[in-house]
Every structure is written in structure tokens, then in C-alpha cells.
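Asker: Be aware that the sequence shown starts at 1, since it is given in UniProt numbering, and climbs by one per residue.
Even glycine gets a Cβ: it sits at the ideal position worked out from N, Cα and C.
Bear in mind that the values here come from a model prediction, so they are computed numbers and not experimental data.
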Amino acid sequence: MARPLLPDGLWTEIAPLLPPPRPRPKGGRRPIENRAALTGILFVLRSGIPWEMLPAEMGCGCGMSCWRRLRDWQAAGVWARLHQVLLERLHGAGEIDRSRASLDSAAVPAKKGALPPARTRRTGARRARSAHLVTDARGTPLGFRLSGANRHDSVMMAPTLDAIPPVRNGRRGRPRHRPDKLHADKAYDAQPRRHECRARGIAPRIARRGIESSERLGRHRWVVERTHAWFNRFRRLPVRYERRADIYEAFTSLAASLITLNQLKRFC
1 MARPLLPDGL WTEIAPLLPP PRPRPKGGRR PIENRAALTG ILFVLRSGIP WEMLPAEMGC
61 GCGMSCWRRL RDWQAAGVWA RLHQVLLERL HGAGEIDRSR ASLDSAAVPA KKGALPPART
121 RRTGARRARS AHLVTDARGT PLGFRLSGAN RHDSVMMAPT LDAIPPVRNG RRGRPRHRPD
181 KLHADKAYDA QPRRHECRAR GIAPRIARRG IESSERLGRH RWVVERTHAW FNRFRRLPVR
241 YERRADIYEA FTSLAASLIT LNQLKRFC
């Protein structure tokens, strides 16, 4: 029997985070249900099909209705909040290993050309983007950032670390925000990057150019490469067909939540 696209456990987590429907004083056609729209969004994310090819037999409405719901929920912060809620559940169970975190980036070709947030001198930023990701020692995605391909990986270290949300575990005290150590490859081998880590209370473990061998992946850094592979299982992500950055960020944030949910099922 095939697994449902939207299991009850995931819907239970998302439903309280959704904004109330907008009033329709002039009436009109009744909008599709939130659960049906989310099912259509998940189908597009996992299969990679164009929005207009969403099967009508699924009962999810048209593709543009699901697209608008994805856009509106991204603007309302639903996907970021969902990821934070799932991280809090994982942290409450003691299954987030912050003793070692790993950070790396992956290039994402933009076939239709991405619309950058500001004017850029290099057209390469329009044809490719970069996804920067930081994970815990078990590969759970803690935070991510998207940038143009014309930006060096190292300058995105601090924004990616700052993207880690504060996580509470239901007890007293300040929420946990930073890992203890950070592992990164030679692309981040620069003194300012080590200063950025220490300023955030993180011990840097960055591979050094000309000293450490590149023949094999780091002993602890391989987990972030595996997590990037998990993201690539969502067929809408390896190649960016979305021209709008907020839509692609919404897909990425939803994929991070699904990976975190899998970690919950795996360890809890």
C-alpha cells in the first residue's frame, strides 16, 4: 500500500499554524480545503511536475490555487514555524546532537533564470543559485540560506548560522541556539570565518588549505552531504524552475520540515 502524501501526523503539526481564511463578503466560489491544497503542494514538491499538470483526480484543485496557497503561507511564516516546531519536538526528546554541526553549500541551476532581489553585475547569479545548509551531527537540518551563485560560499557562513532558530524543550532556561563545534571544508578557510564562529560561541573546525588532504570527505562533514542528498529526493529542488525566490524558499523550508519529521520517526 502506498504511503499517503500527507499523513495525519504531519497535518496535525501544520493545521494549528495555518492562518484563518480571509473573509469573502462578496461571496464567490468556495476555496479548496487547506488539507487538499497542502496535498497538491507536497505532490508538486516530491514529483517535480509543473503546477499546471497537477492531476485533477487528486481533488486538490488547480495548480495555481495550490501555488497561491504556498505563496500566502510562506508570507505568513508557516513553513519556518513548522520547521522550528519539529526541531523543538526533536530537542525535547534529546535527539538533536549539537556537539558537532556541519556546514556546506550546493549549487542549484536555475533553468528559467532566477529573479535576484537586487541588481547584480554578473549574469551568473541569474542562471544558478546556491543553497547553504547547516546540520547537527546526525544530519538534521538546523538552518539554511539561499544566495546567488556569484557569492562565495564563505561569506554565507554567518547568515546560515544565524538562520538556526531558537529551540525550546519545555523546560526553564534560555532556548538552545548554537552548536558547540562547526565543521566546514576548505572553502571556508579564512580567519574572518573563524572569528565569526567564535563570536557566536562556536568552536570552528575548518579544513586548512595546503595542510589537510582533500582525497576523502571529512570524518564529520559527510553528514551535511548526505542531507543535501535528502533534499535532492524532492524533485522540485535539484533544478530550480521557480523564478520567484520566495516560492523556492518555501519549497526548501517545507522539505527541511519533512526531513526533520523523518528524523523524529527515526529516533523518537
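Below 8 angstroms on the Cβ atoms is my guess for Asp189 versus Arg208; work out the distance and round it to an integer in Å.
Answerer: 6 angstroms between Cβ atoms; contact.
Asker: Grab me the residues of Arg226's own chain with a C-beta within less than 7 angstroms of its C-beta, minus the 5 sequence neighbours each way, in chain order.
Answerer: Hits under 7 angstroms: Gly139.
Asker: What did DSSP end up calling Phe267 once you bin it into helix, strand or coil?
Answerer: DSSP places Phe267 in helix when its eight states are reduced to three.
Asker: Over what stretch of residues does the alpha helix (DSSP H) that includes Arg205 continue unbroken?
Answerer: Looking at the DSSP string, Arg205 is not in any alpha helix (DSSP H); the run it does join, the beta strand (DSSP E), is Ala203 to Ile206.
Asker: For Pro141, which of helix, strand or coil comes out of DSSP?
Answerer: Three-state DSSP puts Pro141 in a strand.
Asker: According to the Cβ coordinates, are Ala56 and Arg100 closer than 8 angstroms?
Answerer: No, the Cβ-Cβ distance between Ala56 and Arg100 is not below 8 angstroms.
Asker: Report yes if the CB atom of Leu6 is closer than 8 angstroms to the CB atom of Arg35, and no otherwise.
Answerer: Result yes, Cβ atoms of Leu6 and Arg35 sit closer than 8 angstroms.
Asker: So, at 7 angstroms on beta carbons, what are the nonlocal neighbours of Ser154 in its own chain, with the 5 sequence-adjacent residues on each side left out?
Answerer: Contacts found: Ala187, Tyr188, Ala190 and Arg193.
Asker: Decide if the segment 244–254 is in contact with the segment 155–167; the criterion is three or more beta carbon pairs, one per stretch, under 8 angstroms apart.
Answerer: Flag = no, the segment 244–254 and the segment 155–167 do not touch.
Asker: Can the beta-carbon of Thr39 be found closer than 8 angstroms to that of Met53?
Answerer: Not in contact: Thr39 and Met53 (Cβ atoms no closer than 8 angstroms).
Asker: What is the residue span of the alpha helix (DSSP H) that Ser154 lies within?
Answerer: It is not in any alpha helix (DSSP H) - Ser154 carries neither H nor E in the DSSP assignment.
Asker: Out of Pro23, Arg168, Pro31 and Trp67, which has the shortest C-alpha to C-alpha gap to Leu86?
Answerer: If we check each option's Cα against that of Leu86, Arg168 comes out closest.
Asker: Tell me which residues share the same chain as Leu45 and place their Cβ nearer than 7 angstroms to its Cβ, disregarding the 5 neighbours each side in the sequence.
Answerer: So the list reads Phe234, Arg236, Phe251, Leu254 and Ala255, once near-sequence residues are dropped.
Asker: Where does Gly210 land, buried or exposed, given buried means 16+ other C-beta within 10 angstroms?
Answerer: Gly210 should be labelled exposed.
Asker: If you compare alpha carbons, which of Lys26, Ile41 and Asp104 is closest to Gln74?
Answerer: The candidate whose alpha carbon is nearest that of Gln74 is Ile41.
Asker: At the level of alpha carbons, what is the spacing between Arg119 and Gly148?
Answerer: At Arg119, the pLDDT of 46 sits below 50, so the modelled position is not reliable; the number obtained from the coordinates is stated separately. If you take the alpha carbons of Arg119 and Gly148, they lie about 11 angstroms apart.
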